[in-house]
Every structure is written in C-alpha cells, then in structure tokens.
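The structure under discussion appears below in the form of structure tokens.
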Amino acid sequence: MGLEEVVAFGEHVGIPGPLLAVPSIVLGSLEVTPLDMTAAYGIFASGGIRAEPNAIASVETRDGATLVGEPPAMRRVVSPAEAYVMTHLLEGVMDRGTARGARRRGFRRPAAGKTGTTNEYRDAWFIGYTPELLVGVWVGYDGGTPLELSGGSAALPIWTEFMRRATAADKPRGFSVPPGVTLVEVDRRTGLPPLPPSDLPEEGPLLPKPEPVFSPCVPVEPIQLIREAFLTGDEPEFSSPLAPARIFDQALEADDLPEERLAPRNHD
1101 MGLEEVVAFG
1111 EHVGIPGPLL
1121 AVPSIVLGSL
1131 EVTPLDMTAA
1141 YGIFASGGIR
1151 AEPNAIASVE
1161 TRDGATLVGE
1171 PPAMRRVVSP
1181 AEAYVMTHLL
1191 EGVMDRGTAR
1201 GARRRGFRRP
1211 AAGKTGTTNE
1221 YRDAWFIGYT
1231 PELLVGVWVG
1241 YDGGTPLELS
1251 GGSAALPIWT
1261 EFMRRATAAD
1271 KPRGFSVPPG
1281 VTLVEVDRRT
1291 GLPPLPPSDL
1301 PEEGPLLPKP
1311 EPVFSPCVPV
1321 EPIQLIREAF
1331 LTGDEPEFSS
1341 PLAPARIFDQ
1351 ALEADDLPEE
1361 RLAPRNHD
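Sequential numbering from 1101 applies to the sequence shown in the numbering used here.
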C-alpha cells in the first residue's frame, strides 16, 4: 500500500493536513482534533458517506422562519461494502477487544468503536457508534500531563454512560449488511475456513494431516470459530500461500492422538 497511499486516503476522507508520510503514521503519531477524528469515523457509521461537521442544526425566528438550516455537505468516499467491513471489525473491539468494558457496564446494543492511547498516557480516546448515533470522547490535559489511564479506562466509561442514556428510548437494531459483502466462518487462529460447512463436526478440535506445516507442532486446542465479513470475492480460500497443504479432514479429541503427533517436531 505505501505511506503515500495512507496519506492520500486520509486526505480523501477529510482529515485536514498536513499529513506526513512517515512510518509512525500507522501508530497514530499525527495530531488530529477530536472533531476531525470523530467526523472521519462517521464515514463508517454512515455507510461510506462523509458529512462535514455542523455545530448549528438550524436558526429560526419566533415566527418559525428558518434563517440558518442548510444540511451538511455530504459526499461518498468509500463504498457501503467497504464501510461495513470496517464496522464489522470495530464491532469486535466492542465485543472482544479493548472496548469490551462497555459491555460489562451494561451497554448491550450493537455498536462499533475503537480505543486510543498516546505515548506516556497523555491522551485517552474512544470513538464509537451505533446505527443511529456516533460519539467521540477525548480525555487529557491541555499541558500534556500524563493521565496514567488508557482509552479504555478514561474515555470509554464516559462514552458508555452517555450512550446508555442517549439511546435508552431507541429500539436496538444491528448494522445492515449491504450488497457486496459475504459473511464467512473462519478459524480465528488461521484466518481460513476450517472445513466446508457441511463437514463441520459438532464438537472437538480440528487437526490437519501430518504433512509439514509452518507451525512447530500440531495444534490440539479446540477450534475458535468467528464470523467475519469480506468484500464478495475476497473471502479466504481453503488454502493459502503460507499453508498450501493445509487440509482439515479429520476431527479428533486430543486424548485420542498418539504422543508422537502431540510432540513438537522440526520441518524442512
């Protein structure tokens, strides 16, 4: 992809410059205001549409005449399918990742989001959204004094409490899957489909044939299935360049395996 492409995409989605094409950009080293960052996440929440932030919804006279009330400028920057795949990934942050604390605090609605923490804990972020509402939270000191708190510890609780109240009257609904997206069950360890769906065992770990593989030993832990979203045509195949001979054709309990298959061994 390249750093220049990352910068070009950031500018395309509306993050103001100058954006520097430096390696640390992947770690979030460039300064972005909470308003600009939240607006950028709005692209995923709105299905790929960039809406310019607007602090004033409308201004009316006492007679009801509208003085100010133009809708925000909007433009498409990514496809609905691309926006949904990112939303699906960010749902995992809420359910299994660094933002799962929102679930422990009682926020159960479908939501997506991302925590953020800068060097020396000077800034704590969380930006998250439901299908109806996008909210960004930044916590920090003007002088840059370290907080000693992460985004999940400082910003996420604020977001959670606000969202619980703001969405209390809304009926929960999930994110709609747009055309062009395929949902595939994959093994969380490999990123590949474990078996054709009709051949999935009811229980027990899946073990590969004893041909050489890149793993130092045969995996014996139970399979970890997760449902992932892919742009149609990009879903994983049943083999990959990293494991071209990987064939899942046998389901056995670990206790049924001979010891020589459980022991680490060298491969050419």
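Virtual Cβ for every residue (Gly too), placed ideally from N, Cα, C.
Environment of residue i [buried if 16+ CB atoms lie within 10 Å]
| i | result |
| --- | --- |
| T1230 | buried |
| H1112 | exposed |
| G1117 | exposed |
| K1214 | buried |
| M1263 | buried |
| Y1241 | exposed |
| A1165 | exposed |
| G1206 | exposed |
| R1175 | exposed |
| V1168 | exposed |
| V1185 | buried |
| T1138 | buried |
| L1127 | exposed |
| A1269 | exposed |
| I1156 | exposed |
| G1142 | buried |
| G1147 | buried |
Straight-line Cα distance separating residue j from residue i
| i | j | result |
| --- | --- | --- |
| P1180 | A1145 | 10 angstroms |
| E1285 | G1291 | 9 angstroms |
| L1233 | V1159 | 22 angstroms |
| T1217 | R1209 | 24 angstroms |
| G1114 | D1136 | 8 angstroms |
| Q1350 | R1196 | In this prediction, Q1350 scores a pLDDT of 35, lower than 50, which makes its location untrustworthy; no coordinate-derived value is stated. |
| G1192 | P1279 | 21 angstroms |
| G1228 | R1273 | 15 angstroms |
| V1177 | A1151 | 10 angstroms |
| R1288 | E1328 | 9 angstroms |
| E1220 | L1103 | 25 angstroms |
| G1252 | G1201 | 7 angstroms |
| T1187 | V1277 | 10 angstroms |
| G1243 | R1222 | 9 angstroms |
Minimum Cβ-Cβ distance from residue i to chain B less than 9 angstroms
| i | result |
| --- | --- |
| A1121 | In the structure shown, chain B does not exist; there is a single protein chain. |
Range of the contiguous beta strand (DSSP E) that encloses residue i
| i | result |
| --- | --- |
| F1226 | D1223 to Y1229 |
| V1168 | T1166 to V1168 |
| V1237 | L1234 to G1240 |
| G1213 | A1212 to T1217 |
Assigned secondary structure, residue i (DSSP; H/G/I helix, E/B strand, else coil)
| i | result |
| --- | --- |
| P1247 | Reading the sequence as shown, one finds Leu at residue 1247 and not Pro. The answer is coil: DSSP assigns L1247 none of H, G, I, E or B. |
| A1329 | strand |
| G1201 | helix |
| H1112 | helix |
| G1142 | helix |
| M1194 | helix |
| A1268 | coil |
| L1292 | coil |
| T1260 | helix |
| E1131 | coil |
| A1255 | helix |
Beta-carbon proximity of residue i to residue j, cut-off 9 angstroms
| i | j | result |
| --- | --- | --- |
| A1224 | V1239 | yes |
| F1330 | T1260 | no |
| F1275 | A1199 | no |
| A1121 | V1132 | no |
Heavy atom of the ligand GDP within 8 angstroms of residue i beta-carbon
| i | result |
| --- | --- |
| I1125 | Annotation note on the ligand GDP: not contained in the displayed structure, which lists no ligands. |
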